[in-house]
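Number of protein chains: 2
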Amino acid sequence: MYNSEEEFLKHYDSSNFEKLSMTTDILIFSISDSPTNNYRKLNEKLFSVLLVKRDTYPFKDKWCLPGGFIKIDEDLEDAPKRILANETNIHDIYLEQLYTFGAVNRDPRMRIVSTSYMALIDKNRLSDKLNSNASWFNINVMEDEKEISVYLENGTEEIKFKIKKTLKEKTTDRYKFEVIENDKLAFDHPLVIVSGIERLKNKIGYTDIVFNMMPEYFTLGELQQVYEIILGKKLLDPAFRRIISDKVVKTDKKQTGGGHRPSYLFKYKQ
Amino acid sequence: MYNSEEEFLKHYDSSNFEKLSMTTDILIFSISDSPTNNYRKLNEKLFSVLLVKRDTYPFKDKWCLPGGFIKIDEDLEDAPKRILANETNIHDIYLEQLYTFGAVNRDPRMRIVSTSYMALIDKNRLSDKLNSNASWFNINVMEDEKEISVYLENGTEEIKFKIKKTLKEKTTDRYKFEVIENDKLAFDHPLVIVSGIERLKNKIGYTDIVFNMMPEYFTLGELQQVYEIILGKKLLDPAFRRIISDKVVKTDKKQTGGGHRPSYLFKYKQ
DNA sequence: TTTTCTTTTTATCATTTTATTAATAACATA
DNA sequence: TATGTTATTAATAAAATGATAAAAAGAAAA
Numbered sequence: 351m352y353n354s355e356e357e358f359l360k361h362y363d364s365s366n367f368e369k370l371s372m373t374t375d376i377l378i379f380s381i382s383d384s385p386t387n388n389y390r391k392l393n394e395k396l397f398s399v400l401l402v403k404r405d406t407y408p409f410k411d412k413w414c415l416p417g418g419f420i421k422i423d424e425d426l427e428d429a430p431k432r433i434l435a436n437e438t439n440i441h442d443i444y445l446e447q448l449y450t451f452g453a454v455n456r457d458p459r460m461r462i463v464s465t466s467y468m469a470l471i472d473k474n475r476l477s478d479k480l481n482s483n484a485s486w487f488n489i490n491v492m493e494d495e496k497e498i499s500v501y502l503e504n505g506t507e508e509i510k511f512k513i514k515k516t517l518k519e520k521t522t523d524r525y526k527f528e529v530i531e532n533d534k535l536a537f538d539h540p541l542v543i544v545s546g547i548e549r550l551k552n553k554i555g556y557t558d559i560v561f562n563m564m565p566e567y568f569t570l571g572e573l574q575q576v577y578e579i580i581l582g583k584k585l586l587d588p589a590f591r592r593i594i595s596d597k598v599v600k601t602d603k604k605q606t607g608g609g610h611r612p613s614y615l616f617k618y619k620q
Numbered sequence: 351m352y353n354s355e356e357e358f359l360k361h362y363d364s365s366n367f368e369k370l371s372m373t374t375d376i377l378i379f380s381i382s383d384s385p386t387n388n389y390r391k392l393n394e395k396l397f398s399v400l401l402v403k404r405d406t407y408p409f410k411d412k413w414c415l416p417g418g419f420i421k422i423d424e425d426l427e428d429a430p431k432r433i434l435a436n437e438t439n440i441h442d443i444y445l446e447q448l449y450t451f452g453a454v455n456r457d458p459r460m461r462i463v464s465t466s467y468m469a470l471i472d473k474n475r476l477s478d479k480l481n482s483n484a485s486w487f488n489i490n491v492m493e494d495e496k497e498i499s500v501y502l503e504n505g506t507e508e509i510k511f512k513i514k515k516t517l518k519e520k521t522t523d524r525y526k527f528e529v530i531e532n533d534k535l536a537f538d539h540p541l542v543i544v545s546g547i548e549r550l551k552n553k554i555g556y557t558d559i560v561f562n563m564m565p566e567y568f569t570l571g572e573l574q575q576v577y578e579i580i581l582g583k584k585l586l587d588p589a590f591r592r593i594i595s596d597k598v599v600k601t602d603k604k605q606t607g608g609g610h611r612p613s614y615l616f617k618y619k620q
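As they're listed, the protein sequences go chains A and B.
Heads up: take any position in the first sequence, counting from 1, add 350, and you land on my numbering.
Heads up: take any position in the second sequence, counting from 1, add 350, and you land on my numbering.
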């Protein structure tokens with residue numbers, strides 16, 4: 351019918367195929383300091399995620415991940431970058447594509463497929479003011495063979511949800527996730543959050559991505575806490591130090607005032 | 351403006367947002383036997399991918415991955431299942447989402463975002479006849495710090511492409527891939543193939559997915575060959591046997607006729 | 001029939017890595 | 001000055017890994 355690619359494209363009718371909308375959802379993870387900073391209580395580090403309260407339908411007054419529509423003339427990965435720039439003042443943010451969710455009825459408005467991204471940031475680099483409807487939620491995860499329970503709190507509100515996991519194949523560690531309890535999170539965002547936590551848990555073992563969330567100077571105790579929160583288990587001090595010893599450099603700074611032997615501050619070895 | 355979610359949805363105008371088309375591309379990997387099966391030459395195992403020759407524009411006469419458009423009323427992951435069913439006669443195929451590619455100009459026709467999937471199958475379960483324009487290509491990969499060269503051949507045709515890799519962040523093992531040589535593959539499919547190989551290379555170490563490509567009975571030498579092809583390096587026999595010893599069961603069957611000590615046949619320990 | 005060849009399979013030992021326990025160090029407070 | 005607390009390191013045991021070599025079993029050649 352056509353004799354060349356040029357000719358074909360000239361006559362191509364793009365309405366031949368069904369069209370849909372795409373959005374992106376961004377899991378922005380960071381590390382927070384515990385609000386209770388008592389005497390003789392370690393400056394506890396917490397793992398947190400940024401959520402936004404919806405002020406319009408659908409899911410009005412529920413919390414969701416920052417996100418938005420992909421523009422027709424915008425590369426897919428430029429959308430999360432644009433939204434991140436809108437939520438923060440930082441430019442060089444660690445960003446990684448997570449998963450694309452595309453169940454037919456995942457959005458009540460219409461058919462929308464959403465590609466989720468995970469961003470890791472050091473909160474200390476943020477200018478203080480967040481967008482008015484955004485808030486950091488500390489993350490607590492309880493996981494066993496069958497379920498993942500996630501508890502989020504920001505000092506005022508609490509969000510809980512539970513996810514059932516069933517092994518997809520005997521040959522993998524892959525699970526099928528299904529939301530079985532959720533009252534305060536919009537869309538399929540519980541799934542996105544859990545996917546991100548799983549990804550991070552997996553990658554913390556063979557990459558250095560965790561340092562994207564750490565401040566410039568930190569103690570090994572703090573770093574170990576972050577590993578422990580994300581992995582959901584306690585680590586032995588000497589083992590942990592062996593593992594990260596070649597990733598960090600000791601500085602001559604010390605963190606005093608803890609009522610005990612002060613710890614040296616370390617930096618990430620670039 | 352609206353007093354309830356129902357009311358909002360009733361009046362929702364889905365033409366508010368820009369729409370695009372979505373496709374899926376499926377990397378179907380398997381293991382092939384070497385065509386040269388000489389005396390005293392091990393029955394060599396090769397790693398292969400299924401490609402389809404395009405008979406229409408765009409990219410007429412180029413090779414591409416099996417794929418197609420996502421239907422408006424079809425779950426995202428049902429599309430690759432539908433296409434797999436069309437290409438094979440097998441039902442329970444290992445399928446895993448790989449990555450969503452969404453550069454604005456990745457398709458010359460119009461804006462198309464594509465979610466790629468990786469499928470692993472045991473060729474022995476296929477009925478012999480493939481679709482007429484489909485063909486298995488054996489894969490050879492040469493990788494160093496800066497580049498990945500992939501060489502595909504199906505006995506008749508050869509396809510070569512080269513990809514430059516640059517480290518994205520110092521904190522990860524993540525690379526940015528850029529196609530620098532490619533003459534016979536359509537779209538951004540070189541990127542999809544390389545992403546899949548990297549995923550497989552990574553996952554072979556901590557999952558059992560490789561057994562989805564193995565026949566029911568295999569020798570440890572054959573299994574080791576498959577590991578070696580995918581990892582791109584030689585493994586020591588005793589080390590390999592230690593690693594996989596708890597994943598396989600020895601049967602009382604032997605593979606004789608090799609002019610040397612026969613090897614036992616093993617099965618995957620389900 | 002015997003020897004040679006090849007590859008499979010197992011054994012052995014050295015080395016490295018990881019796990020566990022315990023000891024020592026340093027600061028803040030009573 | 002003694003005590004509590006956490007940081008840091010030392011020391012040892014256990015496990016995993018790496019590397020080499022030896023034994024086993026069949027096919028083919030002498």
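Positions of the beta carbon are idealized from the N, C-alpha and C atoms, including for glycine.
Everything numeric in this text was worked out from a predicted model, so none of it was measured.
- Taken through DSSP and simplified to helix, strand or coil, B:D428 comes out as helix.
- Look at the segment 453-479 of chain B: the residues with a C-beta under 7 Å from a C-beta of chain A are A453, V454, P458, R459, M460, R461, V463, T465.
- DSSP links A:A536 through a beta bridge to no other residue.
- Taking A:V599 as the centre and dropping the five residues before and after it, the same chain places the C-beta of F616, K617, K619 closer than 7 Å to its C-beta, in chain order.
- The Cβ atoms of A:P416 and A:I376 lie closer than 8 Å to each other.
- Any Cβ of chain A closer than 8 Å to the Cβ of B:L359 would place that residue at the interface, and such an atom is present.
- The segment 519-536 of chain A makes no contact with the segment 434-447 of chain A: fewer than 3 CB pairs, one atom from each, lie closer than 8 Å.
- Secondary structure note for B:A589: it is in no beta strand (DSSP E), and the uninterrupted alpha helix (DSSP H) holding it is 587-594.
- Membership of A:E356 in the alpha helix (DSSP H) is indicated by the continuous run 355-360.
- The C-alpha of B:I530 lies about 37 Å from the C-alpha of A:V454.
- Along the segment 424-439 of chain A, the positions whose C-beta sits under 8 Å from a C-beta of chain B are E424, D425, L426, E427, read in chain order.
- Note on B:T516: under 16 other CB atoms within 10 angstroms of its CB, so exposed under the neighbour-count rule.
- A:T374 has A:G418, A:T465 as its beta-bridge partners, per DSSP.
- Nearest CB-CB separation between B:I559 and chain A: below the 8 Å threshold.
- Taking the C-beta atoms as reference points, B:M372 is found no nearer than 8 Å to B:V491.
- Taking C-alpha positions only, A:N562 is separated from A:Y556 by approximately 14 Å.
- Partner residues in a beta bridge of B:A453, as assigned by DSSP, do not exist.
- T406, Y407, P408, F409, K410: these are the residues of the segment 393-416 of chain B whose beta carbon lies less than 9 Å from some beta carbon of chain A, given in chain order.
- Non-local C-beta neighbours of B:Q605 in its own chain, meaning closer than 7 Å and more than five positions away in sequence, comprise T569, P612, S613, L615, ordered along the chain.
- If you look at B:V500, you'll find it in the beta strand (DSSP E) that goes 497-503.
- Distance from the CA of B:D472 to the CA of B:D533, rounded to the nearest whole angstrom, comes to 29 Å.
- Residue environment: A:M564 is assigned as buried (16 or more neighbouring CB atoms within 10 Å of its CB, all protein chains considered).
- Of all residues in the segment 504-527 of chain A, those with a C-beta nearer than 8 Å to a C-beta of chain B are E519, K520, T521, T522, D523, R524, reading in chain order.
- With contacts defined by Cβ atoms closer than 8 Å, B:I579 and B:F397 form a contacting pair.
- Chain B has no Cβ within less than 8 Å of the Cβ of A:Y501.
- With a cutoff of 8 Å on beta-carbon distance, B:R456 and B:F511 are scored as not near each other.
- Within its own chain, the residues whose Cβ lies closer than 8 Å to the Cβ of B:V576, once the five positions on either side in sequence are excluded, are I381, K395, F397, V560, M563, M564, listed in chain order.
- It is roughly 16 Å from the alpha-carbon of B:D596 to the alpha-carbon of B:G571.
- Under the three-state reduction of DSSP output, A:K603 falls in the strand class.
- Using beta-carbon distances, A:K551 does not count as an interface residue toward chain B, since no partner is under 8 Å.
- CA-to-CA, the gap between A:D425 and B:L586 works out to about 45 Å.
- For B:E497, no CB of chain A lies under 8 Å from its own CB, so it is not counted at the interface with that chain.
- Beta-bridge partners of A:Q447 (DSSP): A:Y467.
- Between the C-alpha atoms of B:K360 and A:R459 there is a straight-line separation of about 9 Å.
- If you draw a straight line from the Cα of A:K603 to the Cα of A:Y567, it comes to about 9 Å.
- With a 10 Å radius around the Cβ and a threshold of 16 neighbouring Cβ atoms, A:E508 comes out exposed.
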